[in-house]
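Visitor: Chains as they are written, first to last, in my numbering: chain U, 1 to 324; chain B, 1001 to 1324; chain H, 2001 to 2328; chain D, 3001 to 3328.
Glycine included, C-beta positions come from ideal geometry on N, C-alpha and C.
Just passing along the structure, written as structure tokens.
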Amino acid sequence: MPELSMVQALNAALRHCLAAHDRTLVFGQDVGRLGGVFRVTDGLQHEFGERRVFDTPLAESGIVGVAVGLAMAGWRPVPEIQFDGFSFPALDQMLTNLAKYRGRSRGAYDMPVTLRLPSYGGIGGPEHHSESPESIYAHTAGLKVVTPSCAQEAFNLLVAAIRDPDPVIFMEPKSRYWAKEEVALEPAGLPIGRACVVRAGSDATLVAWGPMVHRCLQVASAAEEDGVSLGVLDLRCLVPLDEATLLTSVAETGRAVVVHEAPRTAGFAAEVSARLMEGAFGSLKAPVQRVTGWDVPYPSGAVEQQYIPSVDRILLAVQRVLDY
Amino acid sequence: MPELSMVQALNAALRHCLAAHDRTLVFGQDVGRLGGVFRVTDGLQHEFGERRVFDTPLAESGIVGVAVGLAMAGWRPVPEIQFDGFSFPALDQMLTNLAKYRGRSRGAYDMPVTLRLPSYGGIGGPEHHSESPESIYAHTAGLKVVTPSCAQEAFNLLVAAIRDPDPVIFMEPKSRYWAKEEVALEPAGLPIGRACVVRAGSDATLVAWGPMVHRCLQVASAAEEDGVSLGVLDLRCLVPLDEATLLTSVAETGRAVVVHEAPRTAGFAAEVSARLMEGAFGSLKAPVQRVTGWDVPYPSGAVEQQYIPSVDRILLAVQRVLDY
Amino acid sequence: MDADRLRETYRLMLLARRYDEEAVRLQRQGELVAFPPMSGQEAAQVASVLALSPADMVFPSYRELGVAVGRGVDMTGYMLAFRGAWNGGLYDCRRNRFAPMASSVGSHLLHAVGWAMGARLDGRDEVAIVYFGEGATSEGDASEAFNFAGVFRAPVVFFCQNNGWAISVPAERQSAGEIWRRGEAFGFPGVRVDGGDAEAVFAATSAAAERARRGEGPTLIEALTHRFGPHSTADDDTRYRERAEVETARRNDPLGRLRARLAASGVPDSWFSDAEDEARLAVSELRASLAAAENPPAVEMFDFVYAAPPPALALQRSQLEELLGPDA
Amino acid sequence: MDADRLRETYRLMLLARRYDEEAVRLQRQGELVAFPPMSGQEAAQVASVLALSPADMVFPSYRELGVAVGRGVDMTGYMLAFRGAWNGGLYDCRRNRFAPMASSVGSHLLHAVGWAMGARLDGRDEVAIVYFGEGATSEGDASEAFNFAGVFRAPVVFFCQNNGWAISVPAERQSAGEIWRRGEAFGFPGVRVDGGDAEAVFAATSAAAERARRGEGPTLIEALTHRFGPHSTADDDTRYRERAEVETARRNDPLGRLRARLAASGVPDSWFSDAEDEARLAVSELRASLAAAENPPAVEMFDFVYAAPPPALALQRSQLEELLGPDA
Ligand SMILES: Cc1ncc(C[n+]2csc(CCOP(=O)(O)OP(=O)(O)O)c2C)c(N)n1
Ligand SMILES: Cc1ncc(C[n+]2csc(CCOP(=O)(O)OP(=O)(O)O)c2C)c(N)n1
Ligand SMILES: [Mg+2]
Ligand SMILES: [Mg+2]
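Structure follows, in structure tokens:
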């Protein structure tokens, strides 16, 4: 199996889907000749032509709006929005149309749109380049929200998302773009909507997605040295949420810490906490803790590491659930 | 004290602020001569002139974007967006600029913008006219989110919001627009950020805001007949949240049901549930329950009452916390 | 337009007018929740859509009753939208190539552009037409749509009905520019036509559709029209416009203009009264079929959210089913 | 432009060029995180901002180093933005009437329009100028800004630097129309100028500002320019553009053109070498002051979110303070 970065794995997934299904389209800002600012679409225009891989004007609402129309015409659009923060100009098209068109047309039109969104922080980016809007999308009925944590998942989930008949907001963790691992380039055929226990543990369960999965694995390793056994659950899909795996994992330890980069208030950790409240109350030995970004706009690059949940902050929360 | 509808109370609050502070501006679609589609701005253009109360082109992003610029020039804008669902085209300006401009300018510019937003469902409106986007705003650091439940609160909170130096998303419950009560038209001088126990109760606490406060009061009355004593807490402000009052109220009963119209997943009830998890775990006698809109796009008018939490659905949840 | 087509246009305009009047009555009687009448805009709507072929795709806003009639859309399914039975309408959008009604102003122009881009990618010579008001042109999405259409030479006809008002805001406060000139600004032709003149509308739309079919890209048509009624049955237009304006508009009723044109060309009175009878019959059929039509059951709100409901959603559906009991 | 002003323009353009080059070096040396160079756009930037008066308000994007220099903005505070010290920059935006840098493309045009509407409401004869690239004109917000400005006759100058590229997308794929024509479409004048010609830029901007001050509303200026470098130091422009294009642009360097113009009018060589010395000194001062400058402490991320922090936020701040310990 080749050693690939997440960028390369995503590129391979796009190549696979473009080759497998000739109505797949890739478009967005700078995805053509440049191959995307992160090179995720590198070489695709050359290989599949300007008809199927093309640059658009600088207009995110336009990108999502034409994706809706292309889907109605029977295409399978895979648009890219260049950065998380630039998905905001497209929010209306996402909330008002992409999410609702199947319903509005009473099922006449599928919306097999996979919106790729380089997301989250940690790369020292300028303003608007490090946002974590997952809870907005998760709150929008009609959208699915998928976010891989490593190269292999990135490949599998992107293929699954593109095959899916529903709109998927596919949030790629930029800070993990360059991490390499061996990747099997055979589509696993997994449906989206399954969480994954990436590390088993008996004292408490860390729940995370995207970039924070890696952070939680670091925490689990650190804790292990102190004789504390932490499980790590990678949700992978926020909608649909694999509630069964979540409840089982947490019920086993009775203690959970949920971690994300987004600000705390009304972030998706609140949803996870509420689900545990409702579905695992009886087995909870301590209140579920959240470790999140602060309730501030994502700060400038020089201080972002004081914003993103650190190993120490997560360990403190672990301590809290263990000591309760 | 005069008997006023919420519409009239809001109108009085706007009149008060326009008269009290000559840099207050009211603008939006149809707010001038027509007086707004709900007549909240009725008569204001006539009284204060076209310079201070004016119609804008049909462009929500434009409305919020120029509000940011007007605030920089020292004005105190009170824009109206005609309906909840039409705040979505303005989300980028809200998330990217309105919420962040104070920070971006390192405090050089206040953003005393009060965005009035007729919100929530229950009036048989067409698509996009019944949305409950409060959790999106609450998740956006830099914004405050205020939502009155009755005419008196509407008056007090709108005056407080307009006086506030920060951007406030002011969500008005359309379904309560025409409910009348006696209203004291003296600004109470209350700061925003205080919840209100609208009904005391000893068996369980219902937590709500906006239109669902009235619904919860109906539930409490119904329960009383069965000898069950329910308290009702009106959060009034989601950001900043009055956590002290929330925790105290729920600790007293040990049982809570949180109610909103928005879809369940990642709605603001999740945040309330998570706060109770973190701050009241020890005193909870049953897991906090959520009664919310279903995880579907807001349906068409004919069936909306099967979407909005009903008295029966809330009572079922109450039963669940009592029986636990 | 040949004589047959002109008569057909009149017939459909009349039908649209009578449906429109009936819808207002139905609303007053509580059979509909609210309705945005289009009387006065029949020539713009009917003549433009008749200039297209059945394979072309129509993207309407909420005020396109005349377009729907021209397209043969099932009126019961159309009107049920205004009874709150289903957002977007209950007609078969695929069969008539008539998209669900868009009530978020301006947002559907991009869908038409995307659809047209798709038709072009497929090498099909199909065209999209999108209807919107002059108010809609102020939304950023409208300009993004113009720009995408220009860049991708999308086979799309932008059909703007400038009826002078966006609810209470007059067109001169909506923009300091002239709408038809937006085309040029984005690299394609814009034209202004008298939207009360069915023949002019037909000619402009045919030309635009032909151009699109030839692969030469979009056209923006600004049709100057008038709405006789309020913005919707919920609106009180006496608050913001002079009655004189409405009276002038009614004196220039596009229906009357076309009737005069037809009469001058020798169409006999009996033909007009037959058309009137036909319309009256259609209207009473609509009334009856609406009275008989049932709204979809509430649980259908769950059924088209995703292609297959995720488990949590299926659970919510069964919770509602249980709450509603066996009769639901 | 009189002789003094022309020399002043050159001096500031040169200064901007040298700062720009230094910023690229600083980025390579790891002192800055990333930087979007503007070399090639000096005439457009400096000459336009010099046409305004100090009370006028400037709304820059992220590539307006030349405008900042023309405006006298503190360079250390400006450059610190590119070290990630503070989003928007650490200069005093009120003192220089130079707004925080906007890095969401297109979104700041509306702020300029709002500010200008505010100035007009106050009866002040102040003008706003907003800088953006040709790529930004594709965003819906740009069109909404044009439309609001037209309707409210806002005293605003829309200054578009069309440098031919939006990252890798060439201007001809950005729009099928010509940018300057957007003005007319929204009811106000649009002009195109040679952005490499400082005098032409000055003249066009002065005229636009005068017009605005007279209460006649906005103007759109499209200045044709070239960026010599990549989109930013993170970009590799060899992937998408021919070297020949850059070489041609460099041969028409606006700095060289103005120098030739000045030399022809009798400005001696010594004056140019003095200007060069002055720039060199300024650059080394900048380097030193950047090295000495400290970034604001992390806890400041809490301090400007609201006018007064709500209790929960104050608590979060103290949690971070505790985590960072006494040295933070
Ligand atoms: C995005 C959005 N904003 C506001 C509204 C509320 N609204 C409905 S129709 C309308 C006026 C539309 O005017 P115009 O585009 O001229 O079309 P007309 O109604 O005249 O046919 C407004 C403001 C809406 N439906 N969508
Ligand atoms: C809303 C938004 N979308 C995308 C980007 C990413 N981006 C940054 S600069 C740029 C190109 C801008 O081109 P142009 O407006 O011509 O300005 P220039 O960079 O040439 O000065 C893009 C796509 C952004 N910053 N903001
Ligand atoms: Mg109109
Ligand atoms: Mg450019």
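From the beta carbon of Phe-2186/H, is the nearest beta carbon of chain D less than 9 Å away?
Guide: Answer yes: the Cβ-Cβ gap between Phe-2186/H and chain D drops below 9 Å somewhere.
Visitor: Helix, strand or coil for Phe-2146/H per DSSP?
Guide: It is helical.
Visitor: Taking 8 Å as the threshold, find out whether the segment 74-91 of chain U comes into contact with the segment 26-42 of chain U through three or more Cβ pairs.
Guide: Yes, they touch.
Visitor: Could you tell me whether the segment 2074-2084 of chain H touches the segment 2111-2118 of chain H, using the rule of 3 or more Cβ pairs below 8 Å?
Guide: Not touching, per the Cβ criterion.
Visitor: Expressed to the nearest angstrom, what Euclidean distance is found between the alpha-carbon atoms of Ser-3107/D and Ser-3039/D?
Guide: Between Ser-3107/D and Ser-3039/D, the C-alpha separation is close to 24 Å.
Visitor: Using DSSP bridges, identify the partner residues of Tyr-2131/H.
Guide: Phe-2159/H, per the DSSP bridge assignment.
Visitor: Using a Cβ-Cβ cutoff of less than 8 Å, which residues in the same chain neighbour Gly-2215/H once the five nearest sequence positions on both sides are dropped?
Guide: The answer, listed in chain order, is Arg-2120, Arg-2153, Pro-2155.
Visitor: So the beta strand (DSSP E) Ser-196/U belongs to, where does it begin and stop?
Guide: In the sequence on display, residue 196/U carries Cys and not Ser. Start and end: 196-199.
Visitor: Could I get the ranges of all uninterrupted alpha helix (DSSP H) runs contained in the segment 94-153 of chain U, with 4 residues as the minimum, in chain order?
Guide: Within the segment 94-153 of chain U, the complete alpha helix (DSSP H) runs of at least 4 residues are 101-104, 134-138.
Visitor: What are the partner residues of Ile-2221/H, as DSSP defines its beta bridges?
Guide: Answer is Phe-2159/H, Val-2191/H, bridged to Ile-2221/H.
Visitor: Just to confirm my understanding: we take Trp-1075/B, look at its own chain, exclude 5 residues before and 5 after, and list those with CB closer than 7 Å. What are they?
Guide: These residues qualify, in order along the chain: Arg-1023, Leu-1025.
Visitor: At a cut-off of 8 Å, would you count Gln-306/U as near ligand 3, judging by its Cβ distance to the nearest heavy atom?
Guide: No, ligand 3 has no heavy atom inside 8 Å of this Cβ.
Visitor: Among all the DSSP beta bridges, which residues are the ones paired with Cys-1237/B?
Guide: Partner(s): Val-1146/B.
Visitor: Return no unless some Cβ of chain H is closer than 9 Å to the Cβ of Pro-1089/B.
Guide: Taking Cβ atoms only, chain H reaches closer than 9 Å to Pro-1089/B, which makes this a yes.
Visitor: Here's the rule: buried if 16 or more other CB atoms are within 10 angstroms of the residue's CB, otherwise exposed. What is His-128/U?
Guide: Buried: at least 16 other Cβ atoms inside 10 Å.
Visitor: Tell me which residues share the same chain as Val-1239/B and place their Cβ nearer than 7 Å to its Cβ, disregarding the 5 neighbours each side in the sequence.
Guide: Excluding positions up to five away in sequence, the list reads Ala-1138, Leu-1143, Lys-1144, Val-1145.
Visitor: Among residues of its own chain, excluding the 5 on either side of Leu-2258/H, which ones have a beta-carbon nearer than 8 Å to its beta-carbon?
Guide: Excluding positions up to five away in sequence, the list reads Leu-2006, Thr-2009, Tyr-2010, Met-2013, Ala-2043, Ala-2198.
Visitor: Thinking Ala-208/U and Val-228/U are a contact (beta carbons under 8 Å), I'd like their distance in whole angstroms, please.
Guide: With 8 Å as the limit, Ala-208/U and Val-228/U do not qualify as a contact, their Cβ atoms being about 17 Å apart.
Visitor: For Gln-1045/B and Arg-1033/B, what's the separation of their Cα atoms in angstroms?
Guide: Rounded to the nearest angstrom, the two C-alpha atoms are 7 Å apart.
Visitor: May I ask you to report which of helix, strand or coil DSSP gives Asp-3274/D?
Guide: It is helical.
Visitor: Against chain U, which members of the segment 2098-2116 of chain H pass a CB distance test of less than 7 Å?
Guide: Residues Pro-2100, Ser-2104, Ser-2107, Leu-2110, His-2111, Ala-2112, Val-2113, Gly-2114, Trp-2115.
Visitor: How would you call Ala-244/U, buried or exposed, if buried means at least 16 neighbouring beta carbons within 10 angstroms?
Guide: Label assigned to Ala-244/U: exposed.
Visitor: How about Pro-2230/H and Gly-2183/H: are their beta carbons less than 9 Å apart?
Guide: Cβ distance not < 9 Å, so Pro-2230/H and Gly-2183/H don't count as in contact.
Visitor: Excluding the five sequence neighbours on either side, which residues of its own chain have a C-beta within less than 6 Å of the C-beta of Gly-2187/H, listed in chain order?
Guide: Same-chain partners within the cutoff: Gly-2150.
Visitor: Counting along the chain, where does the alpha helix (DSSP H) carrying Pro-1263/B start and finish?
Guide: No alpha helix (DSSP H) contains Pro-1263/B, which is instead part of the beta strand (DSSP E) from 1256-1263.
Visitor: Counting only beta-carbon atoms, is Ala-2308/H nearer than 9 Å to chain D?
Guide: Chain D contact via Cβ: absent.
Visitor: Taking the Cβ atom as the reference point for each residue, do Val-53/U and Cys-150/U lie within a distance shorter than 9 Å?
Guide: For Val-53/U and Cys-150/U, no; Cβs fall outside 9 Å.
Visitor: Going along chain D, which residues have a C-beta under 9 Å from Glu-2144/H?
Guide: Going along chain D in sequence order, the residues near Glu-2144/H (Cβ under 9 Å) are Ser-3138, Glu-3139, Gly-3140, Ser-3143.
Visitor: With distance defined between alpha-carbon atoms, name the residue in Leu-246/U, Lys-285/U, Val-66/U nearest to Asp-234/U.
Guide: Checking every option, the nearest Cα to that of Asp-234/U belongs to Leu-246/U.
Visitor: Taking DSSP as the reference, what is the three-state secondary structure of Glu-50/U?
Guide: Correct three-state label for Glu-50/U: coil.
Visitor: Beta-carbon separation of Leu-1091/B and Asp-295/U under 9 Å?
Guide: Contact: no.
Visitor: Please state whether the Cβ-Cβ distance between Asn-2087/H and Pro-1126/B is less than 9 Å.
Guide: It is a contact, given that the beta carbons lie within the stated cut-off.
Visitor: Can you name the start and end residues of the alpha helix (DSSP H) that Leu-1284/B belongs to?
Guide: Careful: Leu-1284/B lies outside any alpha helix (DSSP H) and carries neither H nor E.
Visitor: Helix, strand or coil for Arg-28/U? Go by DSSP, reduced to three states.
Guide: The sequence shown places Gly at residue 28/U, not Arg. In this structure, Gly-28/U counts as strand in the three-state DSSP scheme.
Visitor: Provide the residue(s) that pair with Val-1232/B in DSSP beta bridges, ordered along the chain.
Guide: Looking at the DSSP assignment, Val-1232/B forms a beta bridge with Arg-1199/B, Leu-1206/B.
Visitor: What residue range is occupied by the uninterrupted beta strand (DSSP E) comprising Pro-77/U?
Guide: Residues 76-80.
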